[in-house]
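To keep things clear, I will list the structure first and then write my remarks on it.
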């Protein structure tokens, strides 16, 4: 099986939804809302994809300034072909697309927590998430 990797190659919301629904990430993304998925794809400025023929089989979707920080929001590989190094290669191509000093940061899905430490990521215990702006404490 030959895998082709592409940087910022356009994908459709349906291609994204079909892929993530073949992974554990599907349960953590709003795959029922094509408008949100479309916005996620259009506003990501670094998307690395893996293809077998014309089939999307992997994605690393990021937002980055290319110099200091790259937030890797999605890393997904079709579960039927995981354990072939595709995820690691998607991360490598992402890292090669930013400056050498740029840090890659991510939040792990619970089912993937053990994966990242095995491939060289260092756990950081001070991530914070605000999902409801009404909870923001103002002066």
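Residue numbers (the working numbering): 330 to 468. Heads up, the beta-carbon is just placed ideally off N, CA and C, and yes, glycines get one too. Note that the structure is predicted; figures quoted are calculated from it, not measured.
When burial is assigned at 16 or more other CB atoms within 10 Å of the CB, is residue i buried or exposed?
i           : result
residue 449 : exposed
residue 428 : exposed
residue 349 : buried
residue 460 : exposed
residue 391 : buried
residue 465 : exposed
Candidates the options: which alpha carbon is nearest residue i's?
i           : options               : result
residue 396 : 431, 411, 417 and 375 : 431
residue 415 : 435, 426, 344 and 381 : 381
residue 426 : 445, 439 and 389      : 389
residue 281 : 459, 341, 361 and 365 : Here the chain has residues from 330 to 468 only, and residue 281 is not among them.
residue 323 : 467, 330, 457 and 439 : Outside the displayed span of the chain (330 to 468) sits residue 323, for which this structure offers no information.
residue 407 : 387, 346, 447 and 339 : 387
residue 363 : 355, 346 and 351      : 346
residue 399 : 360, 435 and 339      : 435
residue 371 : 339, 462 and 351      : 339
residue 355 : 424, 463, 441 and 336 : 441
residue 357 : 437, 419, 424 and 373 : 437
What residue range is occupied by the uninterrupted alpha helix (DSSP H) comprising residue i?
i           : result
residue 387 : Not the alpha helix (DSSP H): residue 387 falls in the beta strand (DSSP E), residues 384-393.
residue 336 : From DSSP, residue 336 is part of no alpha helix (DSSP H) but of the beta strand (DSSP E) over 333-336.
residue 349 : 342-349
residue 424 : 415-425
residue 447 : 442-447
residue 365 : 363-371
Report the CB separation of residue i from residue j in whole angstroms; it is logged as a contact under 8 Å.
i           : j           : result
residue 458 : residue 334 : At roughly 30 Å, the Cβ-Cβ gap does not stay under 8 Å, so residue 458 and residue 334 are not in contact.
residue 378 : residue 385 : 6 Å
residue 366 : residue 401 : Their Cβ separation, rounded to whole angstroms, is 17 Å, which puts residue 366 and residue 401 out of contact at 8 Å.
At which residues does the beta strand (DSSP E) containing residue i begin and terminate?
i           : result
residue 354 : Note, residue 354: premise wrong, no beta strand (DSSP E); not H, not E.
residue 401 : 398-406
residue 378 : 375-381
(message) Three or more C-beta pairs under 8 Å: does that hold for the stretch 451-458 against the stretch 400-414?
(response) no
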